[in-house]
Amino acid sequence: MAQAQPISFNRHPYADGSAKKMLIDGQWVNAASGKTFESHNPATGELLATVAEGDKADIDSAVAAARRAFEGPWSKFTPFERQNLLLKFADLIEKHFDELSTLDTLDMGAPLSRTRAGKLRVLGMLRFYAGQATSIHGETIENSLPGEVFSYTLKEPVGVVGAIIPWNSPLTASIWKIGPALATGCTVVLKPAEEAPLTPLRLGELALEAGVPPGVINVVPGYGETAGAALAAHPDVDKVAFTGSHLTGQAIVKASAGNLKRVSLELGGKSPDIVFADADIDAAVPGAAMAVFANSGQICSAGTRLFVEQRIYDEFVGKVAEFGKGLKVGNGIDPEVQIGPLVSQEQLSRVTGYFDVGQKEGASAVVGGKRLTEGNLGKGYFVPPTVFANVRDEMRIAQEEIFGPVISAISFKDADELVKRANATNFGLGSGVWTRDVSKAHKFAKAIRAGSVWVNCYQAMDPAVPFGGYKMSGYGRESGIQHVEEYLNVKAVWIKTA
Ligand code: NAI
Ligand code: MG
84 MAQAQPISFN
94 RHPYADGSAK
104 KMLIDGQWVN
114 AASGKTFESH
124 NPATGELLAT
134 VAEGDKADID
144 SAVAAARRAF
154 EGPWSKFTPF
164 ERQNLLLKFA
174 DLIEKHFDEL
184 STLDTLDMGA
194 PLSRTRAGKL
204 RVLGMLRFYA
214 GQATSIHGET
224 IENSLPGEVF
234 SYTLKEPVGV
244 VGAIIPWNSP
254 LTASIWKIGP
264 ALATGCTVVL
274 KPAEEAPLTP
284 LRLGELALEA
294 GVPPGVINVV
304 PGYGETAGAA
314 LAAHPDVDKV
324 AFTGSHLTGQ
334 AIVKASAGNL
344 KRVSLELGGK
354 SPDIVFADAD
364 IDAAVPGAAM
374 AVFANSGQIC
384 SAGTRLFVEQ
394 RIYDEFVGKV
404 AEFGKGLKVG
414 NGIDPEVQIG
424 PLVSQEQLSR
434 VTGYFDVGQK
444 EGASAVVGGK
454 RLTEGNLGKG
464 YFVPPTVFAN
474 VRDEMRIAQE
484 EIFGPVISAI
494 SFKDADELVK
504 RANATNFGLG
514 SGVWTRDVSK
524 AHKFAKAIRA
534 GSVWVNCYQA
544 MDPAVPFGGY
554 KMSGYGRESG
564 IQHVEEYLNV
574 KAVWIKTA
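Mapping of the sequence shown onto our numbering: residues 84 to 581, in sequence order.
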């Protein structure tokens, strides 16, 4: 296939500045309130679209539609039919992938070099869930009751799922919620992030085109405090699948208490990435750098606490800084660009705020540490890859999620103490170990309290391998057969045969 040319915002069919409605019950509708909000390109400030702003009333309509759909013809779809639907949806996404990845780039800033590279993963996810649709099974279980009593389990879809996603990877995040729902026979009300609603809306169009019945997938853009909160609290939602900050995760758990809905949470982190002196340094430098700089650091599992063995600390940190300096920062619509802008003014203020915090705490920025404003960069929310050296464990830049391209480099000498230090965080999402010593690698893989451990690599992901958090990084798993279980109920059936 010929490589698509970058599409400028005013030629993108879905980001031409026009009005976008929300998807409820297979229909494109305005918000009940008539309100709208704007979505802008964070690299240029340009208006991409005016979007219907959903709130409680629209969430109510969408949940009612999702409930009707759950009980309607959708409930009669066989696993094979759901599988075919997912495969058709995947084919359509493949056909439109350049358009979708460009839309992600325009709406939230990640460079095309990144959004396009996600193609195999996104398609692989949908096709993995398609496979899962025909692999759902209960068990027959031997029991010890007297007489003849037969027991078995049925797996049933959990019902109406409220999916609340962030802006850092709208396409992937949407698929990660829609895929398991379609595989299991659930229905979805998807609430995209206010910063990046366009790709999820376009996916809603493609879902209809694929033949997803009305009401099975509803997309209601709007703000977290209104639309998101209404979805989390809704008495007729059976499960909330959330990705975002731990603070919002806590609000969602509280809101869910009204009907004790099921909740899965994929939250943030402050993941340790550990480099031993015996590591393959040429591999570890770009690995550790991109573990944080990729997507401008806006990745939940970014390896932001970089622990480096003392005797190679200066050399290694210097090389990571050098690598960061060599990355091309700019408008991600340029295919050469490696680092795009942050998503919003809010995130820019947050990240530059941490630049100040780091300096005040006595860490030194070996590279970066200041907003970029030269030329066109001034129109967007650009910060450079940044490496703070001389960071101590207790500093805020070593404890708090910054969500920017900011490495906090910490030195260590004692490997035993290191386990304690690496685990001394409220989070537990990702972690990395760079070493040539197999036994060291295994020891750390076991000792680190996090949902993923990457050895001599970072951020490896596959639809078949579960991903999720320990501690305040949340609970529940996405990807893998575990993910599908999150969307299923288990029913025990007892049959007296005597
Ligand atoms: P957020 O967690 O507030 O937003 C994520 C989603 O939750 C959005 O769709 C938002 O509208 C919704 N939301 C917000 N408040 C809600 C509420 N009360 N009830 C229901 N839904 C609600 O994250 P935000 O504000 O975009 O970013 C703030 C910080 O959160 C970032 O700087 C970063 O540290 C962290 N974050 C972590 C992410 C991750 O993947 N782990 C993703 C996004 C943000
Ligand atoms: Mg927020």
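In this text, a Cβ means the ideal position worked out from N, Cα and C, and glycines have one as well.
Alpha carbon to alpha carbon, how far is G515 from S354? 8 Å
Would you mind reading off the limits of the alpha helix (DSSP H) that contains H525? 521-530
Check whether the Cβ of Y306 lies closer than 7 Å to any heavy atom of the ligand NAI, and answer yes or no. yes
Given a cut-off of 8 Å, decide if L314 and V272 are closer than it, judged by their beta-carbon atoms. yes
Answer yes if the stretch 499-515 comes into contact with the stretch 378-388, meaning at least three C-beta pairs across the two stretches below 8 Å, and no otherwise. yes
Expected contact under 8 Å - CB spacing of D187 and L254 to nearest Å: 5 Å
Would you say the beta carbon of L106 is closer than 7 Å to some non-hydrogen atom of the ligand NAI? no
For H123, which of helix, strand or coil comes out of DSSP? strand
Taking 7 Å as the cut-off, does the CB of F438 come closer than this to any heavy atom belonging to the ligand NAI? no
Can you find a heavy atom of the ligand NAI that lies under 7 Å from the Cβ of Q430? yes
Can you give the Cα-Cα distance for R150 and E569, rounded to whole angstroms? 18 Å
When the distance is taken between beta carbons, is A293 closer than 8 Å to L130? no
Between R504 and D476, what straight-line distance do the alpha-carbon atoms span, to the nearest angstrom? 7 Å
Could you please give the first and the last residue of the uninterrupted beta strand (DSSP E) stretch that includes M105? 105-107
Could you pull the start and end residues of the beta strand (DSSP E) that F359 belongs to? Segment: none, F359 is in no beta strand (DSSP E) and carries neither H nor E.
Taking only three categories from DSSP, how would you classify Q110? strand
Is N301 a contact residue of the ligand NAI, with contact defined as CB to any heavy atom under 7 Å? no
For a test of your reading of the model: does the CB of K383 fall under 7 Å from any non-hydrogen atom of the ligand NAI? Yes or no. With the sequence shown as reference, residue 383 is identified as Cys, and Lys is not the correct amino acid for it. Yes, the Cβ of C383 comes within 7 Å of a heavy atom of the ligand NAI.
So who's on the other strand from R504, going by DSSP bridges? None; R504 has no bridge partner.
Limits of the unbroken beta strand (DSSP E) element including S347: 345-349
Distance check for L284 and Y97, CA to CA, integer angstroms please. 9 Å
Cβ neighbour criterion (16 or more within 10 Å) applied to S432: exposed
Minimum C-alpha distance to V412 - residue among F390, I176, T456: T456
Cα-Cα separation between V112 and G230, rounded to whole angstroms: 59 Å
Mapping the DSSP letters down to three states, classify R394 as helix, strand or coil. helix
So is the beta-carbon of E277 under 7 Å away from any non-hydrogen atom of the ligand NAI? yes
In the DSSP assignment, the beta strand (DSSP E) including K322 goes from what residue to what residue? 322-326
Determine, using beta-carbon pairs with one atom in the stretch 243-253 and one in the stretch 205-224, whether at least three such pairs fall under 8 Å. no
Going by DSSP, name the residue or residues bridged to E568. Looking at the DSSP assignment, E568 forms no beta bridge with any residue, so it has no partner.
Reduced DSSP secondary structure (H/G/I, E/B, other) of E136: coil
Tell me the residue span of the beta strand (DSSP E) that contains A448. 447-450
Please indicate yes or no: does the CB of A214 lie closer than 7 Å to some heavy atom of the ligand NAI? Rather than Ala, the amino acid found at residue 214 in this sequence is Gly. Outside the cutoff, so no.
Count the other CB atoms, across all protein chains shown, that sit within 10 Å of the CB of T223; report buried if there are 16 or more and exposed otherwise. exposed
Would you say the beta carbon of I328 comes nearer than 7 Å to a heavy atom of the ligand NAI? In the sequence as displayed, the identity of residue 328 is Ser instead of Ile. Yes, since a heavy atom of the ligand NAI falls inside the 7 Å radius drawn around the Cβ of S328.
According to DSSP, S494 sits in a beta bridge with which residue or residues? V391
Could you tell me the distance, in whole angstroms, from the CA atom of V466 to the CA atom of T267? 42 Å
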